[in-house]
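Residue numbers (this note's numbering): 274 to 602.
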């Protein structure tokens, strides 16, 4: 469905945007891929690798609605990946996180509707489920804005959905490169916040492919959540450095013991390889969220179901983790 399409990625110079571009160019023939971001150096560096004739590099900030409207002219598909994502930075600079993650989301929505973009998927985070830090709270607000945007489209074809997943192995700020930096520096002690801490883990390529598939599945209004494995952080650390000692340093402010991607109060539908969180509002169009546009059929989960990394039924072994993380080791 991406052949001949004009595709725009906000925050496109980030790890997700670069991998998304790589897979699009490898497997499809888009008419244009527009990288929308505010960092000219990152755009220059990305253009050295991705210089196909379909590539466009558009300097702009999601805080700038008029620039977004210009960038989205004739665009068919939008992936909204731009965000301020660092938890401590958001706590210290709360209004900056609000301006980018909430006001920016509203601007993306308005620009997409104004240009009658066909499909928009916004990237979310596990931290948006029952948030305990500002970053998570802004992303929850963003998720709600994108879902509710389906009621703003009137007779237009534009549809909005959200994809939510956990830690990306090897992404900036994740634990794997942090531990590897210490190990390569010769450290023999790795800091662990809590001996029982668990996390969902997904590779960047798996996350990109999940988003690609959901453009085909979406009807509008869904929050898509992949079924992915969990791992204890102590096991992850021991897999990376079996001879290292582990030092318990305590959970940081705004950090959870276990990740949750679906709370007990969410209504959701289970499919073979993913869940769909059902919207809490009705739209001007009809949608049966137990079926999707690929013909896949799901089953509603009972009230009280929670999808947590601590109670997950799929756990990575050390060997499986090392295979997934091998390019970062």
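Ideal Cβ positions, reconstructed from N, Cα and C, are used throughout, including at glycine. Note that this is a predicted model, so its numbers are computed, not measured.
Assigned secondary structure, residue i (DSSP; H/G/I helix, E/B strand, else coil)
i: residue 397; result: coil
i: residue 519; result: strand
i: residue 367; result: helix
i: residue 503; result: strand
i: residue 534; result: strand
i: residue 357; result: coil
i: residue 581; result: strand
i: residue 528; result: coil
Same chain only: Cβ atoms within 7 angstroms of residue i, ignoring 5 sequence neighbours per side
i: residue 313; result: 332
i: residue 640; result: Nothing can be reported for residue 640, as the shown portion of the chain is limited to 274 through 602.
i: residue 369; result: 357
Residue range of the unbroken beta strand (DSSP E) whose run includes residue i
i: residue 543; result: 541 to 543
i: residue 329; result: 328 to 332
i: residue 309; result: 305 to 310
i: residue 432; result: 432 to 436
i: residue 567; result: That residue, residue 567, is in no beta strand (DSSP E); it is neither H nor E in DSSP.
Bridge partners - residue i, DSSP secondary structure assignment
i: residue 441; result: 475
i: residue 548; result: 498 and 543
i: residue 463; result: 519
i: residue 375; result: Paired residue(s): none; residue 375 is not in a bridge.
i: residue 352; result: 282 and 394
i: residue 313; result: Residue 313 is not bridged to any residue.
Residue range of the unbroken alpha helix (DSSP H) whose run includes residue i
i: residue 452; result: 448 to 457
i: residue 290; result: 288 to 300
i: residue 417; result: 407 to 421
i: residue 343; result: 338 to 344
Proximal residues to residue i (C-beta, below 8 angstroms), its chain only, five neighbours per side dropped
i: residue 375; result: 411, 414, 415 and 418
Residues near residue i in its chain [Cβ-Cβ closer than 6 angstroms; skip 5 each side]
i: residue 517; result: 461 and 463
i: residue 399; result: 439, 532 and 534
i: residue 378; result: 415 and 418
Cβ-heavy atom distance, residue i to the ligand SAM, below 7 angstroms
i: residue 513; result: Among the components of this structure there are no ligands whatsoever, and the ligand SAM is therefore not found.
Can you find at least 3 beta carbon pairs, one from the segment 403 to 413 and one from the segment 362 to 375, that sit closer than 8 angstroms?
By the C-beta criterion, the segment 403 to 413 is judged to be in contact with the segment 362 to 375, since at least 3 inter-stretch pairs fall below 8 angstroms.
Does the segment 579 to 588 touch the segment 491 to 504, meaning 3 or more C-beta pairs lie closer than 8 angstroms?
A contact is defined here as three or more CB-CB pairs under 8 angstroms, and the segment 491 to 504 meets this definition with respect to the segment 579 to 588.
For the 8 angstroms Cβ check, are there 3 or more pairs between the segment 333 to 342 and the segment 304 to 321?
Yes: the two stretches touch, three or more of their Cβ pairs being nearer than 8 angstroms.
Kindly confirm or deny that the segment 466 to 485 and the segment 417 to 433 touch, where touching means at least three C-beta pairs closer than 8 angstroms.
No, they do not touch.
Pair every Cβ in the segment 384 to 403 with every Cβ in the segment 510 to 526, then say whether three or more of these pairs are closer than 8 angstroms.
By the Cβ criterion, the segment 384 to 403 is not in contact with the segment 510 to 526, since fewer than three pairs of Cβ atoms, one from each stretch, lie closer than 8 angstroms.
Do the segment 539 to 549 and the segment 518 to 531 touch if we need at least three Cβ pairs shorter than 8 angstroms?
Short answer: they don't touch.
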